[in-house]
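Residue numbers (full-length UniProt numbering): 1 to 268. Cβ coordinates follow ideal geometry from the N, Cα and C atoms, glycine included. These numbers come from a predicted model, not from an experiment. These notes are about the structure you will find just below.
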């Protein structure tokens, strides 16, 4: 059984779906237990639109249909490890809304984008691991500058890292990075600057404030602290990617339920 109990695997390796396990639906306490959440969380999910309106029995108790069970499991999985940046939070909430609306094709496209973004962030974290490892015990502040190669302009450096020039300018203003200055007082970013920008990008993605990043970059235990921050973010991203795969399974089951309810032939 998976962590939330939403599927089991038989001896033949076949997926046992929600609508097979709970054809009559579940009460609020039973679904909350299945999710590992308090019943009040489920009620909040309904209020916030994370689950479609739940019908009540004559005695007033809620009964969640198989579709609503999957919606709840999708929401709790999507929200389990919250994003620090507003783009990530907005994307997750949009996916949940599309699931409730029954717009499964759009939800699938957004989920694919979500996973690719997580995988890209994991790649960034692996780049930082190589940078920190190559520096050893030396902090970014004590790194020997490499100015043998031509420096990049702010715009070119931003393109190299896939961020905006405005973002780099903001980091400069907050003393996170100090570029060199070339002819005509133009800013130049050399390889050691780009490495520092990669570290800053990862830490910002992980939710660190500017003051927190300054402490990590220039503190007395910078190397150890950066390693810990990177490893923690790596673990978080790995869990989020695993969660995105669970969400994909739940979405596939919702599509199957919709197909069966419409009496359409199953593919494959």
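- By the CB criterion at 8 Å, residue 241 and residue 122 fall inside the cutoff.
- Counting only the Cα atoms, residue 59 lies some 44 Å from residue 237.
- Beta-bridge analysis with DSSP links residue 27 to 63.
- Separation of residue 56 and residue 23 (C-alpha to C-alpha, rounded to the nearest whole angstrom) is 17 Å.
- If you look at residue 45, you'll find it in the alpha helix (DSSP H) that goes 39-48.
- Runs of the alpha helix (DSSP H) lying entirely within the segment 175-225 and spanning at least 4 residues, in chain order: 191-205 and 210-218.
- In this chain, the alpha helix (DSSP H) harbouring residue 123 covers 104-135.
- Of the other Cβ atoms in all chains shown, 16 or more fall within 10 Å of the Cβ of residue 243; this residue is therefore buried.
- DSSP lists 189 as the beta-bridge partner residues of residue 152.
- Excluding five sequence positions before and after residue 107, the CB atoms of its chain that fall closer than 7 Å to its own CB belong to 95, 98, 99 and 251, given in chain order.
- Looking only at 119, 189 and 221, the smallest Cα-Cα distance to residue 179 is reached by 189.
- Assignment of residue 55 by DSSP, reduced to helix, strand and coil, places it in the coil class.
- When DSSP states are grouped into helix, strand and coil, residue 163 belongs to the coil group.
- Per the coordinates, the alpha-carbon of residue 71 lies some 17 Å from the alpha-carbon of residue 260.
- Comparing alpha-carbon positions, the option among 184, 233, 166 and 221 lying closest to residue 127 turns out to be 233.
- Residue 25 is classed as buried because its beta carbon has at least 16 other beta carbons within 10 Å across all chains shown.
- Taking the Cα positions, residue 231 is about 12 Å away from residue 124.
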